[in-house]
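First the structure, in the form of structure tokens, and then the observations on it.
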Amino acid sequence: MFHYRFILKNKLSVVNMASLVNSLVDRAVDSTANSINPAAVIPPSMISFVDNEKINLQQIASNFLARHFEFRTKDHEKTLNVVQLMSEYVGNFSTPICYLQFYLKRAGRFIQFAEELGPLSGSEEVHRLNCIRIYKNFIQHYSELIGAVQTHESACGGRLFRRSVERMQPEIAHVPMNLHLQQLLVSSGDDPSQRSIYNTVTLGAPAVHHSRFTHGGLARIKANERETNERLCYLQEKLQDVLILNSDIDDALDHLTKIIESPSTHIEHSVLKLSLQRVIQAVVSLLEYSSKDLDKIASSSSRIVVNPLVSKVSAEEVSASQDTIHDKAKKLLEEIKESMKKDEQTFGMTQLNYLKSIADELERHTCKHIMRYIFKESMEIERYSQVYRERFDIAFSQALTCLIFSITVLLSSVKISDQAWQLYINNGEYIGMREKCK
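Residues in the sequence shown are numbered consecutively from 1, following the UniProt record's numbering.
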């Protein structure tokens, strides 16, 4: 298991310990005082260290475990006595709970402000209601997490050490894995006054085992969200292109309608021919877009969206619908082209209405699938945001808990004067002890 280490050293004497450890330690000397567990026997000269540290850290640590080891250097000329005092942070569960409660209060205030705004107009009201819904779901989810953390803490029975398999439990993901303080008192076997204390805070590496690393880590989630946003912009541009093409077709068809319904008994064949060419050009462009660009959109979508919330349209369904529309459109366009080659007018309202129906069907087919991908990408972005926020909260909760523990260990290990301590707890504004007494 990987660990992050925060090492704090407090030297109790100015004697250089390097003179004692002039080479690597090669073996530990067994104690004969206790044949069952020799390390549990603490030398009398070092018992005071264990007792003092227990008193000094009793407000922030619990479950103390002391062990003694005796080492010799390779030349066997020097002996080192090492007492290892392990303890667990008492706020291992309460600190993440406070962090989650802070977020709940902030979400509650946001809902209050959003509700006080009252109904808005247009799309703003949709966004307001959507935000309220998201934050209410957030409050419900985090309230359940707080209850799960409290239940798990009660079930521990005072033992905070967690097995690695518990990483798979999502309800306690915000709680650091095995946040411990390891204190080492290293002293010379020849001269016990030559000694140093090493404080090391260890933390099991945060990971997302409970989600089986879906979507990857924070960096990958952020990159996927950025790519999806870019793709969503691309889809919106393509949808706009389709709408513009269809607008051109509608304008051309309206112009043709006016020509055909004209009370004039004679219609210039050249005028009709120009109008038909305009319609043909717009419909052909829409056909090319529908057959080529839409296939490109469909093929690139599967590359970014790993687990889409909206099921992908089967290739057979898209192909069948597309081929039917294309066949009808191509057949009618060929008929129109043939009529344009003749001198007499052979294009009437029946063909015009049929052309309108084909153009509308082609637009609906293309827009429907583009909108489906836009909806899918939008849902992916929303899911990325939720996953990213949850992953960030988990990482920050564990880091914050570890940081608070490390700071309290540091403050407990350093002798702070009353004046400096008062200055610290009053945010830089020192209140004299005499004034406080008054």
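Quick reminder that beta carbons are idealized off the backbone N, C-alpha and C, glycines included.
Our contact map puts residue i next to residue j with C-beta atoms below 8 Å; I'd like the distance itself, whole angstroms only.
i    : j    : result
L104 : I139 : 6 Å
V409 : V201 : 6 Å
C402 : L179 : 6 Å
I358 : V242 : Not a contact, Cβ separation roughly 15 Å.
F93  : V175 : 6 Å
V387 : I221 : 6 Å
Does residue i pass the burial test, meaning 16 or more other C-beta atoms within 10 Å, or should it be called exposed?
i    : result
R133 : exposed
T151 : exposed
Y142 : buried
G122 : exposed
D26  : Only weak support exists for where D26 lies, its pLDDT of 32 falling under 50; the value from the coordinates is given anyway. Classification of D26: exposed, given that the 10 Å Cβ count is below 16.
I244 : exposed
F113 : exposed
F405 : buried
N199 : buried
M349 : exposed
Q59  : exposed
N353 : exposed
Could you tell me the distance, in whole angstroms, from the CA atom of residue i to the CA atom of residue j?
i    : j    : result
T73  : N52  : 29 Å
L57  : M46  : 17 Å
S385 : E225 : 8 Å
Q84  : F396 : 30 Å
I97  : I146 : 6 Å
L117 : K136 : 17 Å
R389 : R364 : 37 Å
Q351 : A252 : 14 Å
L239 : I111 : 35 Å
E361 : L256 : 19 Å
S48  : E77  : 27 Å
M168 : L400 : 21 Å
D254 : T366 : 22 Å
S154 : Y234 : 52 Å
H68  : N81  : 7 Å
F71  : S196 : 15 Å
I172 : A223 : 27 Å
V186 : P44  : 15 Å
R109 : C131 : 13 Å
N246 : N229 : 26 Å
R163 : T95  : 20 Å
I407 : F102 : 21 Å
R106 : I394 : 17 Å
K258 : K368 : 30 Å
What first and last residue would you give for the beta strand (DSSP E) that runs through residue i?
i   : result
A66 : A61 to T73
E88 : T79 to Y89
Specify, as a first and last residue, the run of the alpha helix (DSSP H) that residue i falls within.
i    : result
L185 : Counting along the chain, L185 falls outside any alpha helix (DSSP H), though it belongs to the beta strand (DSSP E) covering M177 to S188.
V201 : No alpha helix (DSSP H) holds V201; the beta strand (DSSP E) holding it covers R195 to G204.
P96  : S94 to L117
V50  : P44 to N56
Apart from the five residues on each side of it in sequence, which residues of its chain come closer than 7 Å, Cβ to Cβ, to residue i?
i    : result
I55  : none
S62  : S87, E88 and V90
E125 : P119
R128 : A114, L117 and L120
K356 : L253
Q182 : Q84, M86, T200 and T202
S285 : L245
C156 : none
Spatial neighbours of residue i within its chain, please: C-beta separation below 6 Å, excluding the five flanking residues on both sides.
i    : result
R391 : L218
S412 : N56 and L57
L65  : M86
D250 : none
Q398 : P176 and P206
Hey, is residue i's beta-carbon within less than 8 Å of any beta-carbon in chain C?
i    : result
D250 : No chain C is part of this structure, which consists of one protein chain only.
Short of 8 Å in beta carbon distance, which residues of its chain neighbour residue i, apart from the five on each side in sequence? Order them along the chain.
i    : result
D190 : K78 and T79
E50  : The identity of residue 50 in the sequence shown is Val, whereas the question assumes Glu. For V50, where only same-chain residues beyond five positions count, the Cβ hits under 8 Å are I42, F64, A66, V83 and L85.
E144 : E171
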